[in-house]
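Peer 1: This is the structure I have questions about; it appears just below.
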Amino acid sequence: MSYPGYPFFKEIRSTELDKVAEEILRDWFPVGLETPQAIPIRKIAEEFLQLKIISDYRLSANNDVIGAIALNDGIVDIYDDEIEQYVAYDISYGTILIDFWEYHEGRINNTIAHECVHWKLHRSYFQRQKHLEKEKNVVFRCPVTQEEGLERKNRPWTIEEKMEWQAKELAPRILMPRKMVIQIIEKNIKENNHNLNSVEDITRVVDLVAEVFQVSKQSASIRLQELGYDEAALVYNDWDYRPRRNKHRRWDNERAPLKKTPIKIKQSTYEIPISDAFKEFQENINFRNACLSGNLVFIENRLVINNHKYVEITEHGMQLTEYAQENPSKCALEFSWQFVRRENRLSKSIADIIFRYEQGNYKTLYQYDDSLENKEKYNKLLSEDMSIYMEERKQLVSLDFRDALVKLMDNRNITVEKLSELSQVGTKTIQRLRNLETYEYKHATLVAICIGLRLDFASSMLLFSKAGLTFNNSNLHNAYQFLLSICFNYSIIECNKYLEDHQFPSLGTDKI
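Sequential numbering of the sequence shown, starting at 0, is according to numbering that gives the first Met the number 0.
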């Protein structure tokens, strides 16, 4: 019968399950009802139902979900072991996902059958929801267990829960048709002259059913119990074949499957927001080292090699050359990015087995990868000084701090008053820096001066060295080094906004 108010969903009674399973199998693989044999469920899914099966990804952190099927195009969560977060995966209508760690062929077959049931019986319901109610339901996510007992009794099941129950109950009945299983059992009892009156006999029959129909032994045991062979409850009744792994990635039982590492869902880009670049600077030592090489500059959300071929100085400041804009792979660092769920967990409620994509639930995670392309660029940065300021630095080597500062200002035709405007450092402080032989130099003051002069990182470090200052590993000093290393083309106003956005004190006389 149809569920009240939902004409596209048909309810199935428990007494009708075997009949419905046979009807489905008669449509998919009728010979499976004539001779006991393994149902080629993967072939049925891919060739008869035209579904795509993917098993390259993790579906949950703790094996809570081992299968899913896309009933609409859209986005679904998968789990990334490397970053230990749920990330967004672009999925197409008619795609079955099987958890990467699921390697037992019998359980895989049951999972495929389960998703095929959803496809046959439930996709019309979700198509209706999509077109009539504009719901964002994308994927039917199938958990390992379903709510039982008290929670189930205290409320009626939702439509989705009923659908999940149908798929859970029908899948093994499709893989192990009632008449075919009974035929196998009765034949074995007759040939071996036993009545399932010993654990050995029961185990032998369950193993035989599992082998013939290519299902797990636990599933075979449960199927026999459903068919009235209560003795089957004595074997495989609490054996969970599914290996569990802790966060340190060691298998808790059984040996690990011989599989490669799960495929990562990442896309590449040469652009990265400044806030994400700073996050990588703090957390990724390889990216930090690339920045501190002194030969990169952050322009138009790209980290490019600071060379005349890629960077030009105009009246508006530093800009990418036409060549750099058209050939980012030649001069810009590459980043991977993926959408990561803000709340890093799956819902615990079975009512949320339907995945509903909401854009606001995600943020973009950028990462600097040790790709061959990035390694080649980094090695190039270390092998030669490509800075457009290297000639100027040669002039500073033999000078003390005072003379070096004067030289830098003269080269740019910048007066004390103008530098004060560009750095927000007071004129008296600048005069002291230029004239006093001994002075109590401060990091914030010199950072502001370097930004006002638009010094590249190597030149800034040379000036800091002459002042006898070094940087520690505090967050504030990391922020200073980040600005000096790749954002030296920013104005003091832009730098202060960046610092304020990250809860650091602004640069300038009033803030020092």
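C-beta: ideal position from N, C-alpha, C; glycine also.
List the endpoints of the continuous alpha helix (DSSP H) containing V296.
Peer 2: No alpha helix (DSSP H) contains V296, which is instead part of the beta strand (DSSP E) from 295 to 298.
Peer 1: Bridge partners for Q318 per DSSP, in chain order?
Peer 2: E311
Peer 1: Is F8 helix, strand or coil by DSSP?
Peer 2: strand
Peer 1: Assuming L432 is part of the alpha helix (DSSP H), what are its boundary residues?
Peer 2: 426 to 434
Peer 1: Could you check what DSSP says for R301 in three-state terms: helix, strand or coil?
Peer 2: strand
Peer 1: Flag this pair as yes or no: are the beta carbons of I97 and S54 separated by less than 8 Å?
Peer 2: Contact flag set, yes.
Peer 1: Looking at C-alpha atoms only, which residue of V211, N477, I485 is the closest neighbour of V303?
Peer 2: I485
Peer 1: Taking C-beta to C-beta, are V204 and N187 nearer than 8 Å?
Peer 2: yes
Peer 1: Ordered along the chain, which non-local residues of its own chain (more than five positions away) have a Cβ less than 7 Å from that of R392?
Peer 2: A457, S458, L461
Peer 1: Is the CB-CB distance between I52 and I74 below 8 Å?
Peer 2: no
Peer 1: Three-state secondary structure (DSSP) at L174?
Peer 2: helix
Peer 1: Taking the CB atoms as reference points, tell me whether L432 and L404 lie closer together than 8 Å.
Peer 2: yes
Peer 1: What does T268 pair with, by DSSP beta-bridge criteria?
Peer 2: F334
Peer 1: Nearest CA to the CA of D206: which residue from Q423, N194, A219?
Peer 2: Comparing alpha carbon positions, the residue from Q423, N194, A219 closest to D206 is A219.
Peer 1: Here's the rule: buried if 16 or more other CB atoms are within 10 angstroms of the residue's CB, otherwise exposed. What is N294?
Peer 2: buried
Peer 1: List, from N- to C-terminal side, the alpha helix (DSSP H) runs of 4 residues or more that fit wholly inside the region 416 to 490.
Peer 2: 426 to 434, 442 to 452, 456 to 466, 474 to 485
Peer 1: State buried or exposed for D72, treating a residue as buried only when at least 16 other CB atoms are found within 10 Å of its CB.
Peer 2: exposed
Peer 1: Looking at C-alpha atoms only, which residue of L445, N412, K417, L418 is the closest neighbour of F400?
Peer 2: L445
Peer 1: Going by beta-carbon coordinates alone, are I95 and I111 separated by less than 8 Å?
Peer 2: yes
Peer 1: Using a Cβ-Cβ cutoff of less than 8 Å, which residues in the same chain neighbour S215 once the five nearest sequence positions on both sides are dropped?
Peer 2: If we look at S215 and ignore the five residues flanking it on each side, its Cβ neighbours are H103, G105, R106, N109, A209, Y240.
Peer 1: Run through the DSSP bridge pairs and tell me what D79 is partnered with.
Peer 2: Q84
Peer 1: On the three-state DSSP scale, how would you describe G73?
Peer 2: strand
Peer 1: Where do the ends of the alpha helix (DSSP H) carrying L404 lie?
Peer 2: 400 to 410
Peer 1: Count the CB pairs spanning the region 478 to 494 and the region 411 to 418 that are closer than 8 Å, and state whether there are at least three.
Peer 2: no
Peer 1: Kindly list the residues whose CB is nearer than 8 Å to the CB of L291, restricted to its own chain and excluding five residues on each side of it in sequence; keep chain order.
Peer 2: F456, Q480, S484
Peer 1: So, are the CB atoms of Q423 and G507 less than 8 Å apart?
Peer 2: In contact: Q423 and G507 (Cβ atoms closer than 8 Å).
Peer 1: Give me whichever residues DSSP pairs with Y367 in a beta bridge.
Peer 2: Bridge partners of Y367: F334.
Peer 1: Distance, Cα to Cα, R172 vs Y235?
Peer 2: 18 Å
Peer 1: With 8 Å set as the bound, which would you pick, yes or no: does the beta-carbon of F481 sit closer than that to a beta-carbon of chain C?
Peer 2: In summary, chain C is missing from the structure at hand, where a single protein chain is found.
Peer 1: Taking the continuous beta strand (DSSP E) assigned at I95, which residues delimit it?
Peer 2: 94 to 97
Peer 1: Can K374 be considered in contact with the ligand NAD, in the sense that its beta carbon sits closer than 7 Å to one or more heavy atoms?
Peer 2: No copy of the ligand NAD occurs in the structure displayed, which carries no ligand at all.
Peer 1: CB-CB under 8 Å to Y92, same chain, minus the five flanking residues each way: which ones, in chain order?
Peer 2: A69, L70, N71, D72
Peer 1: Check the DSSP bridge columns for W51 and list the partner residues they point to.
Peer 2: Note on residue identity: the sequence assigns Lys, not Trp, to residue 51. Paired residues: T94.
Peer 1: Short check: CB of V116 to CB of Q49, under 8 Å?
Peer 2: Not in contact: V116 and Q49 (Cβ atoms no closer than 8 Å).
Peer 1: Taking the C-alpha atoms as reference points, what is the distance between E81 and R41?
Peer 2: 30 Å
Peer 1: Is it the case that the Cβ atoms of V296 and N305 are separated by a distance below 8 Å?
Peer 2: yes
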